[in-house]
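The next block holds one structure in the form of structure tokens; read it before the comments.
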């Protein structure tokens, strides 16, 4: 359609294309969820409904955006990863981040009633999320990122489990509990849990201890010897054309998205699911777990 | 809490602070709304329910983010503007954009049922929005941006009104109508509307012709002579401290957000509402219009 | 010419276009000039030869790059400014910065022998400069930048003049002098200079007290009343085409570049030379000062 | 020293830190060297003096900046590479680029007289260079970048050798030669050279055909089987502290910088000089070639 003399203002939009051939992680965080979890009465230290809602919203994002190859969530945060060969939205940062944040929010609000049937949302306290895109130059560093989040999950959950046991079961006030836990090691917290409350931390639910990892379910492979991930260049990969990309997306949409609660720090997870780091589709599965 | 050896990955997050003392416009756009409006049966050329929903979601954003000083919406897009003196989130681009996109989406999904009571949302077709932040170095250029959007509103609405009259009332097929309109001037379209369908475009509703402008309702001022907007520097403005910012936010939350459908290209709108360009609060109003 | 399969690597170059309609200041700094000034025996506190060499190199840059509208130098640093309407190199940051740094260095090395005829350069200790580009959104803030540099010039020169008087004339050792000066006010330093060494700081040479400002010499205008600098948009300025830009450059090359040592903090300097802030050529001069 | 109210302008400097753990290539190009080479009478198609001067300036840069691990030059351009583990200037882009551009320019101007004793520089036509920094996420892609430049060297040199033979020896005018060469393959050009001018392109000097590669001369290693370059993360490399970095720099300064004219596309070059891609020092050499 027709233009106007004001159109020059478009030139103020600045390009924000992310570096080619790097992993892109979009991490989103709940805004003010500390206050919000009080407002809607989330159970402490972990509210299974809230985590299931986070996971359901994340599955919605994975389904809407087949370019995503893995996601990992703990508490009120979720990390979504695009493979280095991803060309979605020409790798424009704002476009990638806002699409994920908005899609996640849409699913979260839409599904709220399913997970919190007795706690309707209030317009003045709607949940929302912010986000950012970060590049990681190779698979090694990308895996370190994922490990960082899972270690954080462990550290936070052990702390929270101990803290809330002291408060809810032990009757301590919050400040007292905080003070006692200051400077303690993991072993100290394990001991407090076991000795005072008869809780063996190892028996806690995996979803709380490991967080949630989402991926497309191809057939698991045997653990292989060649764990070395070679560096690649687009030259060798024959970058897919727009049409090919669309074809790949269609195929991916058909693969089920799995919600798992397993160790993603050790090599095994990645070796048995080589399609995640390679960016190439695996074999169709014969069995499936907790399918979303 | 405790750290881990993986924490070095945090160093890959890159700063994205926007240039100080510039206008920041966050524009959001509906993703795939062409398809979506067909899916949910939006009325053509303008669905009042859909526009009212957009406006209600935008009012929600304005209320949640008192730093915003004006917003302007047409069709499935909305522009939200922060004044050059805004310090919200240290002016980090991703944080500003994702917060607005997520908050808008949350309100949109939450309020859907109010505006489309007979058309429930489907999980496979949830509305979502993308967004971007653009800096404009001075008020003159910021106003040109706003003018650009309102001219676009006019051009698109005149075209759409004519096109859908030809199709829905005139019984033409879409392609035929498109072909006939190709290359026509505004005057041609006005004539088609009037001669063939008895429609005087000037009598169309203001919300369709002018779009929707949202602002905080202080007392309107008389049109003044000194329309010149002087260039300023933070030096002269005495940048507000964090505490002062919080105080200003509290005051702004109390001021009503108005949804208006008026000309924002001419000077009058800005002269009578000097608080928008100055970033300083106006006088409390004695009268109010369509208050949200 | 022909291509190769490796050409995809070009896609890793990221755009770095500066925001339109902002002032661009490229500031360059001597690398390790503290050590270098000892190595080549610069006179303390000010070596007139070294400053004249800096100014001569800066004049070379102004002549080679007619888009520059003003430059300001103190000690081993120089700031070069482009007007908001500048389109040189499509406003690519790296291109602008490196061109200025390289051109400056070339003139500096080339002219060294003229200013230091008895002190030949040594290949292991060649002077070099680093640089950066900074955007300033309006003339008010740009002037504050220039004022910042001139205030810095004053503060540093008063300190250095006092310090070196105490060391060279007063026979104090450097540490002693540093300790005594710690925490002193301007008035204290003026007093030390006057009482101990009979130096009236006001009588020091202007080049040391005020630094050096370079601009193109059009005819000075009378101080006008309308000191208000209106904000502009490219809309109103009718952005020059590539051909027009080239024409403007040719005209500017003919105007003499002046090296001045005057106050640039007060309004007078800018009011009498309106072509600097307006970006529009002035009237050809009838008289000229110290022409470079 | 003391501050001023204008200091807020410092907040307009924006961070430009390059992504950690990526290769950084700073490529510099002669500004207007087409015209300049005519002005100073450079010999066509290759002026050995001009290339030797480029190489000498590049050696100067490698010596001044021990963090550089390799450089490659053709015609009036030079690429300087920093290893992913490089921390120089906190990886600030402008600082890295301008330091290299300025240091290169300083050596080039300083050494001009050595290589062009009979052609003094003219102040109105001083050589200068622009530059840019590009990140490459892994060694594979970095090597593709280097291959790209060397292929370009070959393509340009074959073309230029043929073109200038046709003009200088064959007496054709430039336009005629250009037209005839349009669309020709390498084989065609080889044939023209051989049949018309008796030139066997393979016998041309290596510096023209291969360009110049500069690196620190440790002891060459036997070609090994394990050509696979594993991806690394800073975690495994134990990032060096500031003190360690300074120690490494000192050691590197002692290693001789070599100017070589060899194939850098095939694996052999990199396998025999593993210190370049690994970023770790090799063994001190027992023999040395053309040492700079």
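Protein chains in written order, with full-length UniProt numbering: chain B, 1 to 292; chain A, 1 to 292; chain G, 1 to 292; chain S, 1 to 292. Just so you know, even glycine gets a beta-carbon here, dropped at the ideal spot from N, CA and C.
Item, Value
"Cutoff 8 Å: residue 298 (chain S) Cβ touching any chain G Cβ", "Nothing in the structure corresponds to residue 298 (chain S), since chain S is present only between 1 and 292."
"Inter-residue CB distance, residue 80 (chain S) and residue 59 (chain S) (contact presumed, cutoff 8 Å)", "With a Cβ gap of about 11 Å, residue 80 (chain S) and residue 59 (chain S) do not count as contacting."
"Residue-chain proximity (residue 103 (chain S), chain B), Cβ-Cβ < 8 Å", "no"
"Residue 60 (chain A) in three-state terms, based on DSSP", "helix"
"CB contact check: residue 85 (chain G) to chain A, cutoff 8 Å", "no"
"Neighbour flag for residue 5 (chain A) against chain S, beta carbons, 8 Å", "yes"
"Per-residue DSSP class, three states only, for residue 228 (chain S)", "In this predicted model, residue 228 (chain S) has a pLDDT of only 48, less than 50, meaning its place in the structure is not dependable; the value taken from the coordinates is given anyway. Note: residue 228 (chain S) maps to coil in three-state DSSP."
"Buried/exposed call for residue 125 (chain B), threshold 16 Cβ in 10 Å", "exposed"
"C-alpha distance - residue 105 (chain B) paired with residue 130 (chain B), whole-angstrom precision", "10 Å"
"Contacts around residue 84 (chain G), its chain only, beta-carbon distance under 6 Å, and the 5 residues preceding and following it disregarded", "21, 22, 23"
"Euclidean distance between Cα positions of residue 53 (chain G) and residue 110 (chain S)", "16 Å"
"Residue nearest to residue 254 (chain B) in terms of C-alpha spacing, selected from B:216, B:245, B:273", "B:216"
"3 or more residues per run - each beta strand (DSSP E) lying fully within the stretch 231-269 of chain A", "257-260"
"Alpha helix (DSSP H) runs wholly inside the stretch 37-104 of chain A, at least 4 long, in chain order", "48-64"
"Residue 290 (chain G) in three-state terms, based on DSSP", "Reliability fails at residue 290 (chain G), whose pLDDT of 46 lies under 50, so the model's placement of it is uncertain and no value is given."
"Beta carbon proximity, residue 82 (chain A) to chain S, threshold 8 Å", "no"
"Interfacial residues, the stretch 89-119 of chain A to chain B, with Cβ spacing under 7 Å", "94, 95, 97, 98, 99, 101, 102, 103, 105, 106, 107, 109, 110"
"Segment limits, beta strand (DSSP E) that includes residue 197 (chain S)", "Counting along the chain, residue 197 (chain S) falls outside any beta strand (DSSP E), though it belongs to the alpha helix (DSSP H) covering 186-197."
"Chain-ordered chain B contacts of residue 141 (chain A) [CB-CB under 8 Å]", "9, 12"
"Any C-beta of chain A under 8 Å from that of residue 233 (chain G)", "yes"
"Backbone CA spacing between residue 4 (chain S) and residue 132 (chain G) [nearest angstrom]", "22 Å"
"C-alpha gap between residue 32 (chain S) and residue 38 (chain S), whole angstroms", "10 Å"
"Residues sharing a beta bridge with residue 212 (chain G), DSSP", "G:73"
"Enclosing beta strand (DSSP E) for residue 133 (chain A) [first to last residue]", "129-136"
"Short Cβ contact (8 Å threshold) for residue 256 (chain A) with residue 211 (chain A)", "no"
"Residue span of the beta strand (DSSP E) that contains residue 273 (chain A), given as start and end", "That residue, residue 273 (chain A), is in no beta strand (DSSP E); it is neither H nor E in DSSP."
"Sequence-distant residues of its chain with Cβ nearer than 7 Å to residue 251 (chain S) (five each side left out)", "281"
"Nearest to residue 266 (chain S) (by Cα), restricted to the options S:258, S:207, S:145, S:205", "S:145"
"Contact set between residue 17 (chain B) and chain G, taken where Cβ atoms lie within less than 8 Å", "14, 15"
"Proximal residues of chain B, C-beta to C-beta of residue 31 (chain A) below 7 Å", "99"
"Contact with chain S by residue 276 (chain B), beta-carbon distance below 8 Å", "no"
"For residue 31 (chain G), the first and last residue of its enclosing alpha helix (DSSP H)", "Element bounds for residue 31 (chain G): n/a, residue is neither H nor E."
"Pairwise C-alpha distance: residue 152 (chain B) and residue 259 (chain B)", "19 Å"
"Beta carbon of residue 16 (chain G) nearer than 8 Å to that of residue 71 (chain G)", "no"
"Within chain S, partners of residue 144 (chain B) - CB distance below 7 Å", "233, 235"
"Partner residues on chain B for residue 136 (chain A), Cβ-Cβ distance less than 9 Å", "9, 12"
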